[in-house]
Amino acid sequence: MNQILAVENKEKKKKKKSSQGPIDIKGIVRFFAITIMIFGFVLAGEASYAVYKNIDDRKPANIPTVVVGRVNDKIILRIEHNEVISKITYSWNNGQETVIPIGSTVAQEEITLLGYNSTLNLTVEDMNGKQVSYQKTFVLDGVDITKPTIDINAEDGNSTMIITASDETAIAYLSYQWEGEEAVVIDAETENQKDIETEVELSPGTKTITVIAEDRNGNVEQLEKEIVTSTSIPQMQILQEGSQFYIQVSDEDGIQDVVINLNGQEFTVGDLNLKEAQLGPLTLREGNNTISIEITNVSGYTQRGATEIQYTP
Numbered sequence: 086m087n088q089i090l091a092v093e094n095k096e097k098k099k100k101k102k103s104s105q106g107p108i109d110i111k112g113i114v115r116f117f118a119i120t121i122m123i124f125g126f127v128l129a130g131e132a133s134y135a136v137y138k139n140i141d142d143r144k145p146a147n148i149p150t151v152v153v154g155r156v157n158d159k160i161i162l163r164i165e166h167n168e169v170i171s172k173i174t175y176s177w178n179n180g181q182e183t184v185i186p187i188g189s190t191v192a193q194e195e196i197t198l199l200g201y202n203s204t205l206n207l208t209v210e211d212m213n214g215k216q217v218s219y220q221k222t223f224v225l226d227g228v229d230i231t232k233p234t235i236d237i238n239a240e241d242g243n244s245t246m247i248i249t250a251s252d253e254t255a256i257a258y259l260s261y262q263w264e265g266e267e268a269v270v271i272d273a274e275t276e277n278q279k280d281i282e283t284e285v286e287l288s289p290g291t292k293t294i295t296v297i298a299e300d301r302n303g304n305v306e307q308l309e310k311e312i313v314t315s316t317s318i319p320q321m322q323i324l325q326e327g328s329q330f331y332i333q334v335s336d337e338d339g340i341q342d343v344v345i346n347l348n349g350q351e352f353t354v355g356d357l358n359l360k361e362a363q364l365g366p367l368t369l370r371e372g373n374n375t376i377s378i379e380i381t382n383v384s385g386y387t388q389r390g391a392t393e394i395q396y397t398p
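Residue numbers for the sequence shown follow this note's numbering, so the first one is 86 and each next one is one higher.
In structure tokens:
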């Protein structure tokens with residue numbers, strides 16, 4: 086009886102032990118199933134974000150605005166973006182790339198045309214690493230990209246100056262403007278006119294003039310120049326009395342400053358504001374004396390002269 090009980094207990098133990106196997110397998114399967122589901126949700130979330138991000142980047146507000154214009158032989162780029170622009174990279178056709186650092190939301194750059202038909206490849210990259218590429222072909226066959234030339238002829242002592250604008254095809258207009266004054270525009274009189282010349286009245290003083298010339302094909306040249314105008318030229322004369330001498334200076338507009346160099350020693354007389362003045366006396370040394378004189382009148386015009394005086398006691 087005890088043997089039968091012992092056998093039955095062993096069989097029960099075997100049954101209990103064998104029934105634990107399927108329970109452990111179910112737990113493992115359930116664990117991996119849940120893990121795979123969670124991982125699937127993560128992947129789905131990342132994929133959804135990527136699609137959303139892609140769509141968001143393609144919104145017009147998130148794409149840089151690029152305006153391409155041409156002035157003479159230059160391409161003018163104007164780029165605006167809602168993010169800080171890191172750099173601009175460009176190349177012509179399949180040539181070498183040029184990188185321009187920016188560091189702001191607005192950029193304006195000049196790029197020189199090759200002079201023949203070519204394609205501009207442009208990439209704009211912002212601080213987030215996002216890149217947008219553009220491409221534009223420039224057909225220059227029969228296109229005039231040569232700008233006009235401007236010549237200003239102003240000689241001191243004259244009351245007028247001559248401005249000339251020239252173009253190899255046809256000039257459209259010439260304009261000039263003194264600082265603080267209205268611009269004066271002179272249009273070409275005929276369609277194929279190549280030169281425009283105008284005479285401009287001058288008044289004593291130092292002023293800046295801006296001259297613009299444009300040809301019939303839209304090429305523009307601009308020249309800014311400081312004009313020192315004087316209706317007279319300063320005069321100078323040396324008057325010697327033994328070992329001493331005087332310097333006589335005069336100018337119709339008025340003398341402002343005089344600088345005298347005697348044998349390397351410099352003497353300056355400033356703020357004269359006189360039409361005539363006699364300066365000195367200065368003493369000559371025995372032997373050869375070198376004298377240079379620089380006179381500046383009230384108009385800002387400077388006249389220079391030099392001489393040598395031999396003195397023997």
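Backbone N, C-alpha and C fix where the C-beta goes; we use that ideal spot for every residue, glycine too.
Around the beta carbon of D356, a 10 Å sphere encloses fewer than 16 other beta carbons of the protein chains shown; the residue is thus reported as exposed. Taking every protein chain shown into account, the CB of S189 has fewer than 16 other CB atoms within 10 angstroms, so this residue is exposed.
Separation of I271 and S260 (C-alpha to C-alpha, rounded to the nearest whole angstrom) is 6 Å. Assignment of N348 by DSSP, reduced to helix, strand and coil, places it in the coil class. Between Y331 and P366 a beta carbon distance of about 6 Å is seen, short of the 8 Å cut, so the two are scored as contacting. Excluding residues up to 5 positions away in sequence, L347, T392 lie with their Cβ nearer than 6 Å to the Cβ of I376 in the same chain.
The C-beta distance from K360 to G339 rounds to 5 Å, short enough to meet the 8 Å contact threshold. Within the segment 318–377, the beta strand (DSSP E) runs of at least 3 residues that lie entirely inside it are, in chain order, 320–326, 329–347, 350–354, 359–368. In this structure, R163 keeps its C-beta atom at 9 Å or more from the C-beta atom of V184. Taking the C-beta atoms as reference points, I247 is found no nearer than 9 Å to I235. In the structure shown, the three-state DSSP call for N238 is strand.
In this structure, DSSP gives N147 a helical state, which the three-state scheme calls helix. The alpha-carbon of S288 is positioned some 53 Å away from that of N178. Closest by C-alpha distance to R370, out of Q325, I378, T353, L364, is Q325.
The beta-carbon separation of N206 and L225, rounded to 17 Å, does not stay under the 8 Å limit for a contact. Between the alpha carbons of N243 and I378 lies a gap of roughly 23 Å.
Look at L198 here: in three-state DSSP terms it is coil, with no helix or strand label. With 16 or more other Cβ atoms inside 10 Å of its own Cβ, P319 counts as buried. Under DSSP, no beta-bridge partner is assigned to Y386.
Here T249 is near I281, since their CB atoms are less than 9 Å apart. For the pair H166 and Y175, the Cα-to-Cα distance works out to about 17 Å. The Cβ atoms of I294 and E267 lie no closer than 9 Å to each other.
In the DSSP assignment, L162 forms a beta bridge with V153, E194. Burial is judged here by how many other beta carbons sit within 10 angstroms of a residue's own beta carbon; I380 has at least 16 and is buried. Following the DSSP letters along the chain, one finds V270 inside the beta strand (DSSP E) bounded by residues 269–272. By the Cβ neighbour-count rule, I161 is exposed, with fewer than 16 other Cβ atoms within 10 Å of its own.
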